[in-house]
Each structure stands twice: as C-alpha cells, then as structure tokens.
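Asks: Residue numbers for the first sequence follow the working numbering, beginning at 8 and rising by one.
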Amino acid sequence: MINNVGLKYFIGVARSGSIRRAAEQLHVAASAISRQIQMLEEELNAELFERHRGQKSLRLTAAGELLLNYTRLIENELDQVRADIRAIDTLQKGTVRLGASESFSREFLPSFLHRFHSQYPGITFNVIVGGGGKLVELLAKDEIDVALAYRAPDAFDVQVIAETHVTPCLLVSTTHPFANRRSVDIEECGEIEIALPDESLTIRESYVRMFSKARIRPRTILVTNSFELMRAAAVSGLCNAIVNKYFGNYKVPRGLRYVPLHGEGVERWPLRLCVHTGRSLPVSVKLFIEQLQAEMDAVDESLQ
DNA sequence: CTCTTCGGGACGTGAAACTG
DNA sequence: CAGTTTCACGTCCCGAAGAG
8 MINNVGLKYF IGVARSGSIR RAAEQLHVAA SAISRQIQML EEELNAELFE
58 RHRGQKSLRL TAAGELLLNY TRLIENELDQ VRADIRAIDT LQKGTVRLGA
108 SESFSREFLP SFLHRFHSQY PGITFNVIVG GGGKLVELLA KDEIDVALAY
158 RAPDAFDVQV IAETHVTPCL LVSTTHPFAN RRSVDIEECG EIEIALPDES
208 LTIRESYVRM FSKARIRPRT ILVTNSFELM RAAAVSGLCN AIVNKYFGNY
258 KVPRGLRYVP LHGEGVERWP LRLCVHTGRS LPVSVKLFIE QLQAEMDAVD
308 ESLQ
C-alpha cells in the first residue's frame, strides 16, 4: 500500500530535483526521504529516479513521471472534494466552464444561463464557443467541464451523457419558392446557391456526404467557419443555408422559414452533452448538467 | 468500563560509507 | 567534494491484553 509520507517526499524530490533540497524544504533528514523513496520503489517494483551519486540533480524515470502525474490527479481530486464540501451547504460559489456550439450562443444559452443564474447567483459561467471537435479536445484536457455540441466526435475519454438528433433544414426567405413547403427533397437543392461550412468544422463532411449521395452539386456562394454568418447570408438573401433550427423556444424571425430536408442521404445531426470520462465534477457543474439535460428532454420534440 | 502497560510498526535523526 | 544510501538507534502512536 502506497503511503502518504512516501508520496509527499516523492513529490518534494521530483519538484526540487534533489533529495537534499527536498529535505531542506520539508524539514526532515535526507536519509528519511531516501528511505521513503526506496520503499515506494520497492512497493511499485520500479525505479522512480535515475540516480547518479555525486551529481547535482535526480531525474525522473518514465515510471517516476507516471507517478508524478498520478499525484497531480490526486491533488486535483482532493481540491475538488474540498470545493465540493464547501459548496454542499449553500452553493454560494462555483464556476461552470461550458463549451458550446455557436448556434446556442444566440438564443438558448443567454436565456438558460439567465434562469440558472437567478436560481444560483453565486455560480458564474465561462463559455467557450467552438466546433464539436475542438470542444471534445478541450474536454479531454479538462479545460472545460461540459460540452454541448452538434456533431461532437467520438473519443474514448469523453462520455456522452445525453444525445438527441436534429434534422437539417433549408433556411430560406419567405419569398423563396420552397418557403411554403412542409419539406424539401435534397435532390431539389441541386440548382440552388448555398453557404457551406469550411474545413475547420467537422460538419462539412456531413454536407459533402449528403450532396454526394443525392448526386447534386449546389453552387457554393459562401464558405465560412461561422454558422451565424451562414444564417445571416440567408437572411440577407445572398444565398440559402442548410442549418439546424435553433435549440429551445426560438421564434423564427419574420421573413424566414426553416424547411426540413428529406430524401436519401440526408443525415440527422447528433446534439450531444458530453463530459470527461471518469472526472468527478464540482457540485455546481453537476447541477448545471442536470438542468441542461432536463431542458434538452423538454425541447427534444421541438427539434424534430 | 476505564486505565495502564507493553509490543510492534512507522518514521525520524545523525554518522559513516559510498560514488561520480 | 557534494549528494545519496545505509545503518543503528530514538520517539511516537496505536492496538491488544491485563488489572482494578
């Protein structure tokens, strides 16, 4: 069983690079540290430092690096437990670090965050807007706590805790010939002028697949990494855009129509709520996720 | 049930030996 | 020579056992 003292001394030596310096910092004899580290190595059956007697510094071995990373994880977890214990009674403090697809930033997030903040005024938000791929990367690095993203790619260290699918729609002006249709077959989009997401967005592949299966080649007027710009282009009349409806109780502006696409090859886009697998989340984040999940369930129907 | 004693484990210290 | 390791020994803590 790895003991606390051994780990404490190991961290000291790893950080200072020397048993002697660690001994000074920890106010114990160097021999005590040397013995504890030796016991740790015996316990783990691996050398933790490259030893060169007489040299001025010890270097971590690969096993040592691994153990140091492990101790950092433990420290983070302990910090988290302390924060959680403090927060249990009152939820007075906390920050939720959320990653979200761009389309949530216009309608859904401001109102959802407002409702949440009214309920828990001590909780603040740090929101990063980005594509599904980028958000999954940030989750894996623990730079955000939770991601709400369209087309978030699968990753072994990311857990999908809720998922729904949305049907892509053609966003057109009310004067467009398709405006009064209940749906449009994708094959009918072969002649229209459209806006497309650029290659930095994983969704682009979905467009390419859909067009390829339907054997159409719409005229691309605009390529951008911004879905808001694609929508704005449709609003201005520059071109049409294939996008999803806004999530939540969003009222479509006057002069615009979302016409669902159907036909062979049309892909329904997954909307995923994801967290980092195995990570213990702060109470404030858990609460946030619960409410977000409830909201997703409630509006699920409106997306269909 | 409470208090005391005892033994063992964990961990510390300091000196000496070792090494590059 | 500076830094690490080994060794002998001391201290503290905790649990078990016995006495009152």
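Glycine included, every Cβ here is placed at the ideal spot set by N, Cα and C.
What are the partner residues of D192, as DSSP defines its beta bridges?
Replies: DSSP output for D192 lists H269 as bridge partner(s).
Asks: By alpha-carbon positions, which one of P267, R66, D152, V292 ends up nearest to V191?
Replies: Ranking the options by Cα distance to V191, first place goes to P267.
Asks: Whose C-alpha, out of E54, I199, D164, is nearest the C-alpha of L146?
Replies: Out of E54, I199, D164, D164 has the C-alpha closest to the C-alpha of L146.
Asks: Between A37 and the rest of its own chain, which residues show a CB-CB distance below 7 angstroms, the 5 nearest in sequence each way excluded?
Replies: Within the same chain, A37 has close Cβ partners I26, R27, A30.
Asks: According to DSSP, A248 sits in a beta bridge with which residue or residues?
Replies: In the DSSP output, where bridge partners are listed per residue, A248 has L178, A202.
Asks: Could you check the C-alpha separation between G13 and Q45 for me, to the nearest Å?
Replies: Their Cα atoms are separated by approximately 9 angstroms.
Asks: Hey, out of R238, E297, L80, A221, whose CA is closest to D149's CA?
Replies: Minimum Cα distance to D149 is reached at L80.
Asks: Using the beta-carbon count (16 or more within 10 Å), is D161 buried or exposed?
Replies: By the 10 Å Cβ count, D161 comes out exposed.
Asks: Near L310, what residues of its chain come up, given a Cβ to Cβ distance below 6 angstroms and the 5 sequence neighbours on each side ignored?
Replies: Any reading at L310 needs caution, since the residue's pLDDT is 46, under 50, leaving its predicted position unreliable; the model's value is listed next. Cβ within range, chain order: V173.
Asks: Indicate whether C246 and V167 have their beta-carbon atoms separated by less than 7 angstroms.
Replies: For C246 and V167, no; Cβs fall outside 7 angstroms.
Asks: When the Cα of L74 is compared with those of Y157, P277, F17, which residue comes out closest?
Replies: The candidate whose alpha carbon is nearest that of L74 is F17.
Asks: What's the C-alpha gap between R224 and G270?
Replies: Each residue's alpha carbon lies about 15 angstroms from the other.
Asks: If I follow the unbroken alpha helix (DSSP H) through L139, where does it start and stop?
Replies: At residue 139 the sequence reads Gly, which differs from the Leu that was named. Note, G139: alpha helix (DSSP H), 139 to 147.
Asks: Within the chosen definition, does the stretch 131 to 139 reach the stretch 106 to 115 through at least 3 CB pairs nearer than 8 angstroms?
Replies: Yes: at least three Cβ pairs fall under 8 angstroms.
Asks: Can you tell me the Cα-Cα spacing of Y265 and P184, whole angstroms?
Replies: Between Y265 and P184, the C-alpha separation is close to 13 angstroms.
Asks: Expressed to the nearest angstrom, what Euclidean distance is found between the alpha-carbon atoms of P289 and A90?
Replies: Taking the straight line from one Cα to the other gives about 7 angstroms.
Asks: Below 8 angstroms on the Cβ atoms is my contact criterion, and I expect E274 with M237 to pass it. Report the Cβ-Cβ distance as a whole number of Å.
Replies: Wrong, their Cβ atoms sit about 17 angstroms apart, outside the cutoff.
Asks: Taking the alpha carbon of A202 as the point to measure from, which residue in F123, L278, S233 has its own alpha carbon closest?
Replies: The residue with the shortest Cα to Cα distance from A202 is S233.
Asks: Among F115, G101, G19, K141, which one has its Cα closest to the Cα of G129?
Replies: Checking every option, the nearest Cα to that of G129 belongs to G101.
Asks: Would you mind sorting N251 into buried or exposed? The rule is 16 or more other CB atoms within 10 Å of its CB.
Replies: N251 is buried by the Cβ-count criterion.
Asks: How is the beta strand (DSSP E) around P277 delimited, first residue to last?
Replies: Where P277 is concerned, the enclosing beta strand (DSSP E) stretches over 276 to 283.
Asks: State the DSSP-derived secondary structure class of G106, mapped to helix, strand or coil.
Replies: Residue state, collapsed to three classes: strand.
Asks: Decide if S291 is buried, meaning its Cβ has at least 16 other Cβ atoms within 10 Å, or exposed.
Replies: S291 is buried by the Cβ-count criterion.
Asks: My output table needs one value for R27: the three-state DSSP class, helix, strand or coil.
Replies: Looking at R27 - three-state DSSP - the assignment turns out to be helix.
Asks: Tell me whether I193 counts as near the ligand ZN, meaning its Cβ is closer than 6 angstroms to at least one heavy atom of that ligand.
Replies: Looking at this structure, you won't find the ligand ZN or any other ligand, since it has none at all.
Asks: Going straight from the alpha carbon of E84 to that of T171, what length do you get?
Replies: The alpha-carbon atoms of E84 and T171 are separated by roughly 31 angstroms.
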